[in-house]
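Colleague:
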Amino acid sequence: MQCGVDIYNLGVAPTPVVFRESRKYGAGIVVTSSHNPPEWNGLKMLIEGKGINQEQLDLITNEQVTNKSKIGLENNINSAYVDEAAQIIGKVSGSPKVIVDVGGGSAKNIASSLLQKIGCDVITINNDLEKSSRGSDPTSDPLDELVSKSKDVDIGFAFDLDADRLVVVKNGKKLSSDATLGLGVAKALELGCKNFVLSLDTSISIEKYIKKKGGTVFRSKVGEVNVIEKIVETQSCAGGEGSSGGFIFPDFNFCRDGILTSGLIVSLMRKDEFSDVLNLMEKYHQIREKIEVGLEYQEKILKNLFDILKEKYRNLQTLDGIKVIVDEDSWFLIRKSNTENIIRISTESNSLEDARNIHLQTKELVKQSYEQIK
1 MQCGVDIYNL GVAPTPVVFR ESRKYGAGIV VTSSHNPPEW NGLKMLIEGK GINQEQLDLI
61 TNEQVTNKSK IGLENNINSA YVDEAAQIIG KVSGSPKVIV DVGGGSAKNI ASSLLQKIGC
121 DVITINNDLE KSSRGSDPTS DPLDELVSKS KDVDIGFAFD LDADRLVVVK NGKKLSSDAT
181 LGLGVAKALE LGCKNFVLSL DTSISIEKYI KKKGGTVFRS KVGEVNVIEK IVETQSCAGG
241 EGSSGGFIFP DFNFCRDGIL TSGLIVSLMR KDEFSDVLNL MEKYHQIREK IEVGLEYQEK
301 ILKNLFDILK EKYRNLQTLD GIKVIVDEDS WFLIRKSNTE NIIRISTESN SLEDARNIHL
361 QTKELVKQSY EQIK
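First residue of the sequence shown: 1, per full-length UniProt numbering; consecutive thereafter.
(1) Determine the closest residue to K363 out of R335, V31, K70 and P14, with distance taken between C-alpha atoms.
(2) Whole angstroms are fine: how far does the CA of A186 sit from the CA of F274?
(3) Going by C-alpha distance, which of S140, E289 and S346 is nearest S199?
(4) Please list the segments of the beta strand (DSSP E) lying wholly inside the stretch 224-249, counting only runs of 3 or more residues, in order along the chain.
(5) Can you give the beta carbon distance from S113 to V100, rounded, assuming they're within the 8 Å contact cut?
(6) Spell out the partners DSSP gives M45 in its beta bridges.
(7) For L316, which residues does DSSP report across the bridge?
(8) Could you give the uninterrupted runs of the alpha helix (DSSP H) lying entirely in the stretch 124-168, keeping only those of 4 residues or more?
(9) To the nearest angstrom, report how far apart K271 and D58 are at their CA atoms.
(10) Across which residues does DSSP place R288 in a beta bridge pair?
(11) Among the residues of its own chain, which have a CB less than 6 Å from the CB of F249, if the five just before and after it don't count?
(12) If you count every other CB in all the chains shown that lies within 10 Å of the CB of E282, and 16 or more means buried, which is it?
(13) Using the rule of at least 16 other Cβ atoms within 10 Å of the residue's Cβ for burial, across every protein chain shown, is C120 buried or exposed?
(14) If you count every other CB in all the chains shown that lies within 10 Å of the CB of residue 445, and 16 or more means buried, which is it?
(15) Based on DSSP bridge pairs, tell me the residues matched to W331.
(16) Would you please state the rounded distance, in angstroms, between the beta carbons of I71 and G4? I believe it to be under 8 Å.
(17) Are the CB atoms of T180 and K194 nearer to each other than 8 Å?
(18) In terms of residue numbering, what span does the alpha helix (DSSP H) encompassing L181 cover?
(19) Please report the distance separating the alpha-carbon of P14 from that of D128.
(20) Tell me which same chain residues have a C-beta within less than 7 Å of the C-beta of T234, skipping the five on either side of it?
(21) What residue range is occupied by the uninterrupted alpha helix (DSSP H) comprising V266?
(22) Run the CB neighbour count on D141, radius 10 Å, all protein chains shown included, and call it buried at 16 or more, exposed below.
(23) In this structure, how does DSSP classify E340 when only helix, strand and coil are distinguished?
(24) Does the beta carbon of V227 sit closer than 8 Å to a beta carbon anywhere in chain B?
(25) Going by C-alpha to C-alpha distance, which of K50, L319 and K108 sits closest to I231?
(26) For the stretch 221-228 against the stretch 295-308, are there 3 or more C-beta pairs whose distance is under 8 Å?
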């Protein structure tokens, strides 16, 4: 406002709602801790409905333009998100019973309103913004209350605080975060989508399902902004990150949109594709872990690991860290963090024993490399 810019205030609103509205206004800012611990706050900056990249961030921080001739005005607005999302999803039959765990976050009212509008019978838990029976990140929390109560309904959904992440619970079982993306992809295929972008750490089972249905898969660096950029570059119809429970449907929103995804999944629930994609995904086992490594050592460790791994494996990819394709059903990924003192290891195989062995060997290799270098 000090720079002469008018502000349109949505109040407490989910991140996908702000992304959707920013398409109409040109830009947006979300103050959020997302799935992080409550002591953290951050800013998500949007231009034309997309999160900014590093180049845009540098431009914003280094070249601010002020208009001292006027002070901007603040306007309180309401979003048309629920109505617009309902048009994409359509009505569902049979009044499915759905339990929604908003985790004390911004999905309160919005998620249940959308599901009710498309024809669901909705129960909501953890609807108090001041407290919640579980942690802020549904991908890592056991979701005990939701799991227990989901046995009496058709399906359950858990959101993180800003509602871009979604976890599905079915028949008293918490599904993997990749399952959220898999179900979103299955719905997109039903809608006629052919081209998809998946982050590098997303389950191979989703890629296999897409190809089985005649689709094409492009891989991107890990991170929502990277997935979006690849979607735009390849003119893909949908995509996302399995690790974060995030499905992206760019015709509606250029972000992971847990609220829209919940409605799309409900609309798929009574069709064969719902069980088909889950049955395929259940054959694969993923392990994800972080190892504490100082920021100053991470690049050297990755270089050392690449030299070691190239002697043992033929198929190494360096798009984002080091991804090693062990065989057609097994892989592991070693990635550094640019902001934290950690290296991330992701492993997947259609054999749980193989996944564990590969992961343990990779973890030991990273630790040995760290000891040699530090």
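Ideal placement from N, C-alpha and C gives every residue a C-beta, glycine not left out.
Please read all numbers here as calculations on a predicted model, not as lab measurements.
Modeller: Taking the definition as stated:
(1) Comparing Cα positions, the closest option is R335.
(2) Between F274 and A186, the C-alpha separation is close to 7 Å.
(3) Of the candidates S140, E289 and S346, S346 places its Cα closest to the Cα of S199.
(4) If we require 3 residues or more, the beta strand (DSSP E) runs fully inside the stretch 224-249 come out as 238-241 and 246-248.
(5) About 10 Å; that fails the 8 Å criterion.
(6) Partner(s): I29.
(7) L316 is bridged to V324.
(8) Contiguous alpha helix (DSSP H) elements confined to the stretch 124-168 occur at 144-149, taking only those with 4 or more residues.
(9) Between K271 and D58, the C-alpha separation is close to 47 Å.
(10) For R288, which the question treats as bridged, DSSP gives the partners S346.
(11) Excluding sequence neighbours, F249 sits near A238.
(12) Taking all protein chains in view, the Cβ of E282 is surrounded by fewer than 16 other Cβ atoms within 10 Å, so the residue is classified as exposed.
(13) Only buried fits C120, as 16 or more other CB atoms lie within 10 angstroms of its CB.
(14) Examination of residue 445 is not possible in this model, given that the chain is present from 1 through 374 alone.
(15) Answer by DSSP bridge pairing, in chain order: I325 and E348.
(16) Contact between I71 and G4 holds, with the beta-carbon distance rounding to 7 Å and staying under 8 Å.
(17) The answer is no: Cβ separation not under 8 Å.
(18) Start and end: S177 to E190.
(19) Rounded to whole angstroms, the gap between the alpha carbons of P14 and D128 is 15 Å.
(20) Answer for T234: N195, V197 and F218, listed in chain order.
(21) Note, V266: alpha helix (DSSP H), G258 to L268.
(22) With 16 or more Cβ atoms within 10 Å of its Cβ, D141 is classed as buried.
(23) In this structure, DSSP gives E340 a state outside helix and strand, which the three-state scheme calls coil.
(24) Reference to chain B is not applicable here, since this structure consists of a single protein chain.
(25) When C-alpha distances from I231 are compared across K50, L319 and K108, the shortest belongs to K50.
(26) Result no; under three Cβ-Cβ pairs closer than 8 Å.
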